[in-house]
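Peer 1: Residue numbers (the working numbering): 629 to 825.
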């Protein structure tokens with residue numbers, strides 16, 4: 629969704645709107661991005677079942693990309709797998725960083741909230757790295773880690789966290805569903821929140 633917002637802002641700055649995409653095939657990484665496009669009058673032609681680059685690559689496998697221009701509008705910190713895979717198939721890839729995720733400092737009350745949390749949820753690999761950096765690598769012992777999807781989970785594990793919850797649908801709604809399900813299961817079995825990391 630952030631990529632959609634920034635792309636449309638850049639288009640508007642040049643006096644363009646959704647009509648500029650009329651001849652393009654549009655692929656969205658997931659349902660949230662597809663919704664953001666639809667809100668601007670653009671229906672995605674391709675939306676993979678799982679909101680990760682590998683699934684998008686698979687979803688585009690049947691399309692001949694040889695010599696075709698492909699614009700990838702995304703975060704500056706995104707993995708290189710998508711542009712590399714499309715370039716390997718002969719596409720002329722223009723990989724444009726339209727936004728970047730920035731680490732913010734946390735105030736005393738925010739640090740206290742993190743340390744008292746039952747769950748800490750992560751929506752991207754950068755959120756894992758940024759929070760651990762802010763915390764000086766000291767993640768709260770009692771908090772369960774909830775991840776939006778497999779790429780974020782992999783980053784969390786690489787940085788020493790145990791992932792307790794992973795969303796089946798890799799978007800914010802899927803993450804909320806996974807959190808609610810896990811909390812309900814824990815309440816039903818009487819599990820405590822004092823699990824060790």
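Cβ coordinates follow ideal geometry from the N, Cα and C atoms, glycine included. The structure presented is a predicted model; accordingly, all values stated were derived computationally and were not measured.
Thinking C-alpha only, which one of 770, 652, 765, 777 is nearest residue 787?
Peer 2: Cα-wise, what sits closest to residue 787 is 765.
Peer 1: Just curious, the beta strand (DSSP E) that residue 792 is in, first and last residue?
Peer 2: Run containing residue 792: 791 to 794, per the beta strand (DSSP E) assignment.
Peer 1: For a test of the three-state rule: what should DSSP assign to residue 767, helix, strand or coil?
Peer 2: Residue 767 falls in the coil class under three-state DSSP.
Peer 1: Considering only C-alpha positions, which residue in the set 688, 654, 803, 759 is nearest to residue 733?
Peer 2: The option with the nearest alpha carbon to residue 733 is 759.
Peer 1: Leaving aside the five residues before and after residue 768 along the sequence, list all residues of the same chain whose C-beta is less than 8 Å from its C-beta, in chain order.
Peer 2: Around residue 768: 742, 743, 744, 745, 748.
Peer 1: Extract the residue ranges of the beta strand (DSSP E) inside the stretch 717 to 783, only unbroken runs of 3 or more that lie entirely within it.
Peer 2: DSSP runs (the beta strand (DSSP E)) wholly in the stretch 717 to 783: 720 to 727, 747 to 750, 772 to 775.
Peer 1: Which of the three DSSP states is assigned to residue 655 in this structure?
Peer 2: DSSP places residue 655 in strand when its eight states are reduced to three.
Peer 1: From what residue to what residue does the alpha helix (DSSP H) around residue 632 run?
Peer 2: Here the alpha helix (DSSP H) through residue 632 covers 630 to 641.
Peer 1: How long is the line joining the alpha carbons of residue 630 and residue 727, rounded to whole angstroms?
Peer 2: Taking the straight line joining both Cα atoms gives about 7 Å.
Peer 1: Go ahead and pull the three-state DSSP assignment for residue 827.
Peer 2: A question about residue 827 goes unanswered here, because the residues of the chain that appear run from 629 up to 825.
Peer 1: Taking the Cβ atom as the reference point for each residue, do residue 670 and residue 649 lie within a distance shorter than 8 Å?
Peer 2: In contact: residue 670 and residue 649 (Cβ atoms closer than 8 Å).
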